[in-house]
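For the sequence shown, UniProt numbering gives the first residue as 1, with consecutive numbering after it. Ideal placement from N, C-alpha and C gives every residue a C-beta, glycine not left out. Note that this is a predicted model, so its numbers are computed, not measured. Read the structure below first, then the notes.
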Amino acid sequence: MSKYYSWKPDPHAVATNALDQTWTPGPGYAFPPFCLIGRCLVKVREECTQIVLITPTWQTQPWYPILLQMSIDLPVLLPMNGMTLLSPTGDKHPLILNNTLQLAGWKVSGDLSLQEDFRKKLSNFSFTRCVQARNQLTIVPGRSGMAGVSSGKLIPFTTYGLYTRIFSLDA
């Protein structure tokens with residue numbers, strides 16, 4: 001990565017605090033602290049830019065429907081292993097230790113026409129009345145294979161091994 005912003009002073013970083021910088025021209029990449037995901041989506045929308053955004057697959061978060069709406073490609077479930085999210089001292093993230101975190105890569109854009117073009121390629125969602133009610137608020141991502149529904153269109157997850165194009169920002 002040749003250019004990046006850091007959350008604290010870094011001699012190799014272009015600047016600090018990415019949210020204070022201009023993100024255009026895109027595309028870019030972001031793996032923000034989880035509490036800043038909503039603000040990153042607002043920034044992408046306001047600047048009408050495009051980024052690959054790494055997020056947890058937390059369907060109950062207020063930013064999740066916006067993430068689905070702003071998607072312009074299939075989200076990719078990332079492989080989770082012992083080397084995912086290590087602290088500077090080499091400690092594993094607590095959500096990795098208890099096996100409750102699944103990350104995904106999302107290609108998102110503030111350009112409405114790109115969002116609409118993506119949704120045109122998706123299958124329509126239809127609710128089946130005989131679907132058994134879930135007894136959990138969320139399910140483990142990948143079990144159903146679905147990221148969610150946006151504008152009546154079903155957005156499936158894909159896996160990193162089968163679909164790495166999302167990480168090519170020019171695709």
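Check, Outcome
"Backbone CA spacing between residue 222 and tryptophan 58 [nearest angstrom]", "With the chain represented from 1 up to 171, any question about residue 222 goes unanswered, as that position is not in the structure."
"Exposure of glutamine 115, with buried meaning 16 or more beta-carbon neighbours within 10 Å", "buried"
"Under 8 angstroms between C-beta atoms of valine 42 and isoleucine 51", "no"
"The region 106–114 contacting the region 57–73, beta-carbon criterion three pairs below 8 angstroms", "yes"
"For tyrosine 4, the residue or residues it bridges with in DSSP", "Answer is none; tyrosine 4 lacks a bridge partner."
"Three-state class that DSSP yields for alanine 147 in the structure shown", "strand"
"Coil, strand or helix - proline 96 by DSSP", "Reading the sequence as shown, one finds isoleucine at residue 96 and not proline. It is helical."
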